[in-house]
Amino acid sequence: MRRYFLRKLLIYLATFVVAVTIDWAIPRFMPGDPVQTLISRVPAGDPESARAITEYYNSVFGLDVPIWQQYLNFWSSLLHGDLGISVYAFPQSVTSVIWHAIPYTLGLLIPAILISWWAGNKFGALAARRKSLDNTVLPVGYVLSATPYMWLGILLAWGLASELQWFPISGGYSLSVEPNLSLSFVWDLLNHWFLPFLSLFLVAFGGWAIGMRNMIIYELESDYAHYLEALGAPQRLVRRYAFRNAVLPQVTGLALQLGVIVAGCLVTEIVFSYPGLGHLILEAIRNQDYFLLQGSFLFIIVGVLVANFLVDIAYLVLDPRTRAGMQGGRA
Amino acid sequence: MTTSARDVGVAEPELAALPAPRRGPEFLYFARRNVKLLIGVSIVGLMLLLAIIGPFLVPGDPNAYVGPSAEAPSSAYWFGTTTFGQDVFAQFVHGLRNTFLVGALAGGIAAAIGMVVGFTAGYRGGVVDEGLSAFTNVILVIPTLAVMLIVAAYLTVRGVVVEALLIGFTSWPWAARAIRAQTFSLTAREFVDVARLSGMPSRRIIFREIAPNMSSYLFMTFILLFGGAVLIAATLDFIGLGPTQGTSLGLMMNNAVLWSALQLGVWWWFVPPGLGIMAIVGGLYIMNVGLDEVFNPKLRET
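Taken in order, these protein sequences are the chains called Z and E. Numbering-wise (the numbering used here), the first sequence opens with residue 1 and increments by one. Numbering-wise (the numbering used here), the second sequence opens with residue 332 and increments by one.
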């Protein structure tokens, strides 16, 4: 047990170090000089003042010390929670800007991931090898999982918000309400939350349903299932065993799909101007706010790492074989 | 079997009597009867045809301001015009071409890296496997989009090829893992042992003995990587980190959202690009399921 977790933690630690190193290295080793890009946006008259500005930026970015020192400095400020000052939301710090956006993103992501995974698995298992259901679930599932996240968001925003006016089309809450803990504000928040959530949920749902359907078919064709059938076990029992085996790859799939769903969440937020991380990233790109972009990158990485670790724990709880194997290894 | 042998003029009864090692005829037999495969291939083929021929029908810059503002689809402008008077059909077919380009290139790169890493790790085993697997796992956990976000933001000039390279170099890990697992199980078979005993060099064993036995699997991996690359490219384009020149399907959607096509009800601006991506990716997925059923007798529906 301890060995398993130690191994996993080591991988995640290595991932974090690699990610931070990428975050540090890309601005420094990419073709093109970000400092020059910044300067070229503000036309400086004579070469003398241009040089002064270059020096100023170099010292602000900490580029005037040896490269290894830069790397160490980067880590030390990172561990102090200092990710720099945002250009887009000057003079706020990157950490505080992101901190304000995170609740919206998590509020979309966590329910969308969990509910779509649960519902997709149930539905897929129900549909497998049942002609009438399968004939509708399969095509619908494929269409949904092939839909680009932003397009479904766009269609929902256009149909349900713009044309039918059932839901607000953009924002996290109405500008006319004061953010507080009153019932009307929460209702307003939910109203704005629903469409982005729905589009995230639907696309992910299609993928899970298809995955589960295929897994169940594999399981129903395996020897133990045939053996149970030959013994005259009721279909329900066979399916229950198949489900318990089929759900494990789906848990692994959850870890693999996290990056895709996070990306989907970012673009969905952009469609609905939802004030989460995705919206922030769009603004950062438009305003060439590199600190904010790099900070968002780190937050996404940390979030995905934590989620991966939770999935590992879930796998351990669900699969008795991993536990048995680990106990055997210890004995 | 015998008729086809007679057709090509091969008169060797001894050869015909041997069990045919070729998979061709059997594969075609099931492929032609698999509805899913046929549907998938026709959708993707139709889109590919449109991507190849389309740009010749509407030559010139697809972003040029040619017509009236926000006109609904008509005989002059098949898919209507944007609020700036750009021809949506022209943008669509040019974007479609870029989409196929990115998908094929990025999918190909990712498949190649995945194969090299997967084969090496699975065949060598031991320390090499440990190292490569750890590396793969590290890259696997890092979300592709997050890395591309900062890389693309710092690259001031981006083309379709650069985008494809970025996607290809970041989306291979799951393929490497899957190929490694397959190689692992094949390496334990007797025919690989025989090849090893006969003194065949490792590279030949991998490409002559192991890879052909999982060719269907490799092909399906490529298809999935292709579809994934198309979706990732659309996402990047939509955020505004796609190619800086020309047009793409993701960029069309980005512009439509940016210039309030939703509020104005200019649906012909944002429906075609999304529909195009969905058709390509969906077609590829359905093709994949069909191929799976063709290759795997257990999955064939009776």
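We put the beta carbon where it would ideally sit given N, CA and C, even for glycine.
Around E:Gly490, the same chain offers Pro574, Thr575, Gln576 as residues with beta carbons nearer than 8 angstroms, after the five sequence neighbours per side are excluded. From the listed residues Z:Lys131, Z:Ser170, Z:Gln69, Z:Ile22, the smallest Cα separation to E:Val588 is found for Z:Ser170.
When the beta-carbon positions are compared, E:Pro604 and E:Phe423 come within less than 9 angstroms of each other. The Cβ atoms of Z:Ile281 and E:Ile570 sit closer than 9 angstroms to each other. Here E:Phe415 has Tyr396 as same chain residues with Cβ atoms under 6 angstroms from its own Cβ, once five neighbours each way along the sequence are excluded. At a C-beta separation below 7 angstroms, E:Ala477 has these neighbours in chain Z: Phe297, Ile300, Ile301. Excluding its 5 nearest sequence neighbours in each direction, Z:Met212 has C-beta neighbours in its own chain below 7 angstroms: Gly120, Asn121, Gly124, Ala125, Ala246, Gln250, listed in chain order. By the 16-neighbour rule on beta-carbons within 10 angstroms, E:Val492 is exposed.
In the structure shown, Z:Ser273 falls within a coil segment according to DSSP collapsed to helix, strand and coil. Per DSSP, the beta-bridge partners of E:Thr412 are E:Asp418. Annotation: E:Leu432 has no Cβ neighbours in chain Z at a cutoff of 7 angstroms; minimum Cβ distance is about 17 angstroms. Taking a Cβ-Cβ threshold of 7 angstroms, the residues of chain Z close to E:Trp598 are Trp158, in chain order. Listed along chain Z are Ile11, each with a C-beta nearer than 7 angstroms to that of E:Asn468. Of the other Cβ atoms in all chains shown, 16 or more fall within 10 Å of the Cβ of Z:Ile261; this residue is therefore buried.
For Z:Ser170, the secondary structure class from DSSP, reduced to helix, strand or coil, is coil. Using beta-carbon distances, E:Val482 counts as an interface residue toward chain Z, with a partner under 9 angstroms. Annotated as proximal: Z:Val311 and Z:Leu258, with beta-carbon spacing under 9 angstroms. According to the DSSP secondary-structure assignment, E:Tyr396 is paired through a beta bridge with E:Gln417. Taking a Cβ-Cβ threshold of 9 angstroms, the residues of chain Z close to E:Trp505 are Leu256, in chain order.
When the Cα atoms are used, E:Thr467 and E:Ala506 turn out to be separated by approximately 10 angstroms.
Secondary structure remark: continuous beta strand (DSSP E) runs of at least 3 residues inside the stretch 554-618 of chain E: none found. In the DSSP annotation of this structure, Z:Gln165 is not part of any alpha helix (DSSP H), being labelled neither H nor E. Of all C-beta pairs linking the stretch 134-149 of chain Z to the stretch 554-568 of chain E, three or more are shorter than 8 angstroms, placing the two stretches in contact. Around the C-beta of Z:Glu163, fewer than 16 other C-beta atoms lie within 10 Å, and the residue is accordingly described as exposed. According to DSSP, residue pairing for Z:Ile85 in a beta bridge involves Z:Ser93.
At least one C-beta of chain E is nearer than 9 angstroms to the C-beta of Z:Thr15. In the structure shown, the three-state DSSP call for E:Trp503 is coil. Distance between Z:Trp99 and Z:Ala52, taken at the CA atoms: about 34 angstroms. Straight through space, the alpha carbons of E:Phe515 and E:Gly457 are spaced by roughly 12 angstroms.
The Cβ atoms of E:Ala509 and E:Thr451 lie no closer than 9 angstroms to each other.
Contact annotation: in the stretch 80-112 of chain Z, no residue has its CB less than 9 angstroms from a CB in chain E. Excluding residues up to 5 positions away in sequence, Gly371, Ile374, Val375 lie with their Cβ nearer than 6 angstroms to the Cβ of E:Gly614 in the same chain.
The closest CA to that of Z:Ala209, considering only Z:Leu183, Z:Ala233, Z:Trp68, Z:Gly253, is found on Z:Gly253.
Pairing Z:Asp23 with Z:Gln235 gives a Cβ-Cβ distance that is not under 9 angstroms. In this structure, E:Thr475 places its C-beta atom within 9 angstroms of the C-beta atom of Z:Ala263.
Chain E has no Cβ within less than 9 angstroms of the Cβ of Z:Arg130.
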